[in-house]
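**Student:**
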């Protein structure tokens with residue numbers, strides 16, 4: 012799906028500038044072209060009509076691409092790829108009862124020949140939807156660098172929202188694990204771990220991309236862009252710190268639960284060993300009295316039974332006493 016947007020600048024009653032972004036019929040100078048889940052025909056249109064170089068088209072449509080920035084000196088086109096958080100499909104999540112997250116790339120293309128900016132996403136993107144619907148204010152499609160930084164800022168804040176969602180689900184599942192050590196809750200923990208790993212990897216790559224943008228060698232930055240870039244960098248670093256804290260808490264929690272499970276297993280094995288030892292006493296006594304040899308008071312079955320019970324009680328008392336001493 013391809014949609015085009017352009018910002019018009021107007022003045023309100025107080026004389027302040029107001030940016031109004033609306034859809035336009037087709038690509039034009041100063042507009043933003045949004046490409047979501049492109050078909051083969053739309054991919055060919057990106058190269059033939061918009062002049063996007065083939066390498067950039069291939070990178071923008073690669074689901075495994077990580078965050079980076081690249082410039083083609085011949086055409087002066089710039090490609091910026093950033094990983095965005097997505098909700099994992101229920102069919103691919105570890106458990107259908109949790110919200111599991113993944114990351115997918117969002118590409119931003121600067122096309123100076125057409126004097127426009129293009130975004131390419133293989134899936135429906137919350138950030139792009141927010142920009143298209145007008146939920147993000149003060150965007151100006153003619154200011155391409157600032158437009159990119161606004162996208163980066165929105166993505167970094169989206170990471171923080173989703174990280175809080177992962178942490179909230181983790182705490183709820185932790186309370187369930189304390190009540191009952193079921194495999195279902197442990198599998199949910201695996202889903203949380205995957206979300207944190209995806210977020211951590213993507214955020215670190217995104218931070219590197221922001222640092223490269225801050226050098227000003229690939230994209231020209233103005234003073235107001237510097238302020239927005241600093242805000243974006245702070246948000247990304249805060250998201251990275253949140254992810255590291257949640258990951259550390261997760262690892263320590265899982266280690267604790269692992270120790271509890273091992274301890275419960277040891278207690279169970281010890282109990283079974285005690286029962287086995289106690290039950291072996293009557294077996295040993297009746298084995299002796301079952302042989303064809305003369306033994307004291309072997310004329311009746313009462314004595315072996317009483318002897319077995321007495322030895323079993325003594326063995327149980329001795330084992331329990333020795334455990335208390337330990």
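Numbering (the numbering used here), first residue to last: 12 to 337.
Where is the CB? At the ideal position from N, CA and C, for every residue including glycine.
Only a predicted model underlies this, so the values are computations on that prediction, with no experimental measurement involved.
1. With residue 7 as the anchor, note down where its beta strand (DSSP E) starts and where it stops.
2. Looking at residue 93: is its Cβ nearer than 7 Å to the Cβ of residue 117?
3. Locate the alpha helix (DSSP H) running through residue 208, then write down its first and last residues.
4. Can you give the beta carbon distance from residue 210 to residue 174, rounded, assuming they're within the 8 Å contact cut?
5. Residue 123: buried (16+ other C-beta within 10 angstroms of its C-beta) or exposed?
6. From residue 114 to residue 44, what does the alpha carbon distance come to, in whole angstroms?
7. Are the CB atoms of residue 213 and residue 112 within a distance shorter than 7 Å?
8. Compute the Euclidean distance between the alpha carbons of residue 189 and residue 277, then round it to the nearest angstrom.
9. Quick check on residue 50: does DSSP put it in helix, strand or coil?
10. Please confirm if the region 153 to 167 is in contact with the region 237 to 252, defined as three or more CB-CB distances below 8 Å between the two stretches.
11. Rounding to the nearest angstrom, what Cα-Cα distance links residue 129 and residue 204 in this structure?
12. Identify which residue in 108, 148, 97 has its Cα closest to the Cα of residue 135.
13. Can you name, in chain order, every residue of its own chain whose Cβ lies under 6 Å from the Cβ of residue 155, other than the five neighbours on each side?
14. Would you say the region 143 to 155 touches the region 221 to 229, given that touching needs at least three Cβ pairs under 8 Å?
15. On the three-state DSSP scale, how would you describe residue 61?
16. Just to confirm the assignment, what range does the beta strand (DSSP E) spanning residue 113 have?
17. How about residue 180 and residue 109: do their beta carbons lie closer than 7 Å?
18. DSSP state of residue 337, grouped into three classes?
19. Quick one, are the C-beta atoms of residue 106 and residue 198 less than 7 Å apart?
20. Is the beta carbon of residue 296 less than 7 Å from the beta carbon of residue 319?
21. Do you know how far the Cα of residue 178 is from the Cα of residue 252?
22. How many angstroms separate the CA atom of residue 337 from the CA atom of residue 300?
23. Going by the CB atoms, is the gap between residue 160 and residue 243 shorter than 7 Å?
24. Do you know how far the Cα of residue 59 is from the Cα of residue 14?
25. In its own chain, which residues sit with a C-beta less than 6 Å from the C-beta of residue 55, not counting the 5 before and 5 after it?
26. Please state whether DSSP places residue 12 in a helix, a strand or coil.
27. Which residue from 266, 95, 239 puts its Cα closest to that of residue 74?
28. In this structure, does DSSP put residue 81 in helix, strand or coil?
29. Which same chain residues end up closer than 6 Å to residue 171 when comparing Cβ atoms and leaving out the 5 residues on each side of it in sequence?
30. DSSP beta-bridge partners for residue 31?
**Tutor:** To lay it out plainly:
1. As shown, the chain starts at 12 and ends at 337. That puts residue 7 outside it, with no answer to give.
2. yes
3. 194 to 225
4. 6 Å
5. exposed
6. 22 Å
7. no
8. 18 Å
9. coil
10. yes
11. 34 Å
12. 97
13. 121, 128
14. no
15. coil
16. 112 to 122
17. yes
18. Low confidence applies here, because residue 337 scores a pLDDT of 47, under 50, leaving its location unreliable and the question unanswered by this model.
19. yes
20. yes
21. 13 Å
22. Model confidence at residue 337 stands at a pLDDT of 47, short of 50, so the residue's coordinates are unreliable and nothing is read from them.
23. yes
24. 17 Å
25. none
26. coil
27. 95
28. strand
29. 250
30. 19
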